[in-house]
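Accompanying notes for the structure given below.
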Amino acid sequence: MRLVVVGAGAAGSLVLLHLARHLAAGSEGSRVEVVVLDPNGPVNGAAFCTTDPRHLLNVPASGMSVDPEDRFDFVAHLVAEGLLAEGASPYFFAPRAEWARYLRTRLDEALAAVEGRLVVRHVLAAATSVARDGAGVRVTDSDGSTHEAEHLVLATGLPTVGDDWAPRDLSAQERYVADPWRPGALDAVVDGEGDVLVVGTGLTMVDVAVSVVGSSATGRRVAALSRAGRLPQPHAESYLGEVVPDVSGWGSTLEEIRGAAVAHVREVEATQGSWRPAVDGIRYRVAELWGRLATGERERFLREVAGDWGVRRHRMPPTTAAVVEQAQEDGCLEVAAGRVVAVEEAADGFEVETADGRRIHAAWIVNCTGPRSDVRTLGNPVLDSLLGADGGPALATTDPLGLGLTTSEGRLVGADGELQPVWTLGALRRGELWESTAIPEIRVQAERLAGDLAAVAARCARTPLG
Ligand SMILES: Cc1cc2nc3c(=O)[nH]c(=O)nc-3n(C[C@H](O)[C@H](O)[C@H](O)COP(=O)(O)OP(=O)(O)OC[C@H]3O[C@@H](n4cnc5c(N)ncnc54)[C@H](O)[C@@H]3O)c2cc1C
1 MRLVVVGAGA
11 AGSLVLLHLA
21 RHLAAGSEGS
31 RVEVVVLDPN
41 GPVNGAAFCT
51 TDPRHLLNVP
61 ASGMSVDPED
71 RFDFVAHLVA
81 EGLLAEGASP
91 YFFAPRAEWA
101 RYLRTRLDEA
111 LAAVEGRLVV
121 RHVLAAATSV
131 ARDGAGVRVT
141 DSDGSTHEAE
151 HLVLATGLPT
161 VGDDWAPRDL
171 SAQERYVADP
181 WRPGALDAVV
191 DGEGDVLVVG
201 TGLTMVDVAV
211 SVVGSSATGR
221 RVAALSRAGR
231 LPQPHAESYL
241 GEVVPDVSGW
251 GSTLEEIRGA
261 AVAHVREVEA
271 TQGSWRPAVD
281 GIRYRVAELW
291 GRLATGERER
301 FLREVAGDWG
311 VRRHRMPPTT
321 AAVVEQAQED
331 GCLEVAAGRV
341 VAVEEAADGF
351 EVETADGRRI
361 HAAWIVNCTG
371 PRSDVRTLGN
381 PVLDSLLGAD
391 GGPALATTDP
401 LGLGLTTSEG
411 RLVGADGELQ
421 PVWTLGALRR
431 GELWESTAIP
441 EIRVQAERLA
451 GDLAAVAARC
461 ARTPLG
């Protein structure tokens, strides 16, 4: 069987890892040839291209195993690498670069173990279009080469970052970082001089802050602005567990669900002294609750609730939170609510004006406002092509809000309602699941998707002409 995987990031690599393991465990005859298309190397996407050891995972090591059934595998890797003492608590927040190395290592091991029955060729190019080719697909890349395959996995990750907040086009400015998730994007800012304005106050801003002012007295300052001026909450100092609620009586409107969730959080806080186990428990029920909401209610959730949920659900590791707090106390990090209304170039950077009349001088501006939300307007050519924007038949459709692609258990449903030989996982399933961007969810999807592909490969092996 031939397979094309678009995206060599965490999700694409997890699919290959689990496919190798399924093939190794399955019938001898199955063989899969894979072309991976990605201009970046393996596990080098938004979260994992950083080389800064201060950029930590926001999930403890015990939640980051590549295998959902083998919870402590990443912990074992950290112990084997001497990064965690034998017997130490697995409630440890490792550098993201180390997790990338771990996934690459496990992938290499799995490919070696499957002994040529999964052959992977990485082409350093972007996928630009997809067309049906008989029962399979034909994918064209940015070098103009075409790749035919029976199946396609789309693992393009989080949508690109947006900068609609910018009062004018800043893309030509050398000291403006439009996309902080690009490999090496922050190097010039971190190695350079002068103060930094970060637009956005979430976890990516925290990355910038710890790199610029975190470790030593550099004399530099970071000002971070967002509409609400809210920082992510810190994780607890030690593992508190998860209280997974029974949501059967939580209703199906946003009002009902919000009320029940608040009651759950209050109850857990009263008995356990922290809201965190309640929020971490709700995470297991998010897909089910999201599925109950009508489109208008989902829209309202995004407008009114998602921000609050995000700062509690995507938290800072305790050590990072301590660095941030110290930087705030020392006056080298300021986090505030504000809206940029004007940006002018100055000799050594920018003069920025906010809606409340404040003027900020910054040598650098870094855009940390997060991913765009509508996959129909991202300008990623492979998605545009699948959605029929290039005039071809639409092999993909989206949910009404454009948060993700419509699938049946990860398999794309075309505009004609037919299942396509195209699969997806991760952020492109946000419309169906909402919580679908982090490794704890993606590894489960990858394992299932790989199982389905291995079953197809086994069928191909039994009927080579069919
Ligand atoms: C700053 C940050 C920190 C995070 N920290 C964590 C964390 O600690 N724990 C956690 O579980 N999750 C974390 N996440 C969530 C994170 O997005 C996922 O865990 C993980 O990166 C998702 O993997 P992915 O493969 O879907 O996306 P990515 O790893 O971003 O990979 C997508 C790949 O697709 C490629 N691509 C896109 N379009 C094309 C195209 N047209 N052709 C070819 N290739 C293409 C890109 O080049 C990229 O390599 C974080 C996210 C961010 C942004």
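Counting from 1, one number per residue, gives the positions in the sequence shown under UniProt numbering. Glycine included, C-beta positions come from ideal geometry on N, C-alpha and C. Since the structure is predicted, the reported quantities are computational estimates derived from the model, not experimental observations.
Buried is the label assigned to A110, since at least 16 other Cβ atoms lie within 10 Å of its Cβ. For the pair P393 and H151, the CB atoms are not nearer than the 7 Å cut-off. Here the alpha carbon of A236 sits roughly 12 Å from the alpha carbon of N58. Residue burial annotation: V340 is buried, with at least 16 other C-beta atoms found within 10 angstroms of its C-beta. Residue state for Q272 is assigned as helix, using DSSP reduced to three classes. The Cβ atoms of R104 and H55 lie no closer than 7 Å to each other. Not one heavy atom of ligand 1 is found less than 6 Å from the C-beta of I360. A distance below 6 Å between beta-carbons, with the five flanking residues on each side excluded, links R300 to the following residues of its chain, in chain order: L254. With distances taken between CA atoms, H18 lies nearest to D452 out of A461, D452, N367, V36. Residue side-chain check: N367 keeps its Cβ at 6 Å or more from all non-hydrogen atoms of ligand 1.
Just measuring C-alpha positions, the residue of W181, A455, R459, A446 sitting nearest D67 is A446. Per DSSP, the beta-bridge partners of F350 are E345, A362. Shortest Cα-Cα distance from D52 to any of A185, R266, L433, S373 involves A185. P277 and L231 have their C-alpha atoms spaced approximately 19 Å apart. Looking at L203, G370, A112, the one whose alpha-carbon comes closest to that of R312 is L203. In terms of side-chain proximity, the C-beta atom of V6 is found nearer than 6 Å to a non-hydrogen atom of ligand 1.
If you draw a straight line from the Cα of D73 to the Cα of P317, it comes to about 20 Å.
Per DSSP, H151 is one residue of the beta strand (DSSP E) stretching across 151 to 154. Counting only the Cα atoms, C49 lies some 24 Å from A363. It is roughly 53 Å from the alpha-carbon of G144 to the alpha-carbon of D330. Just measuring C-alpha positions, the residue of W434, M1, A461 sitting nearest L293 is W434. Annotated as distal: T156 and S142, with beta-carbon spacing of 7 Å or more.
Here L412 carries a strand assignment [DSSP, helix/strand/coil]. Segment contact: the region 32 to 46 against the region 2 to 22, three or more CB-CB distances shorter than 8 Å; contact assigned. A Cβ-Cβ contact shorter than 7 Å links R175 with G349. In this structure, the beta-carbon distance from G214 to V366 does not fall below 7 Å. Contact between V130 and A149 does not hold, since their C-beta atoms are separated by about 10 Å, which reaches or exceeds 8 Å. Between V335 and T201, the CB-CB gap stays under 7 Å. DSSP lists V199 as the beta-bridge partner residues of N367. Contact annotation: A209 and L387 have beta-carbon atoms that are not nearer than 7 Å.
Boundaries of the beta strand (DSSP E) harbouring A223: 222 to 226, taken from the DSSP string. Counting only the Cα atoms, G357 lies some 59 Å from R21. Close CB contacts of D38 within its chain, under the 6 Å cut and outside five residues either way in sequence, are with G7, A8 (chain order). CA-CA distance, A346 to H361, rounds to 9 Å.
Distances from the CB of A209 to the heavy atoms of ligand 1 are all 6 Å or more.
According to the DSSP secondary-structure assignment, Y176 is paired through a beta bridge with I365.
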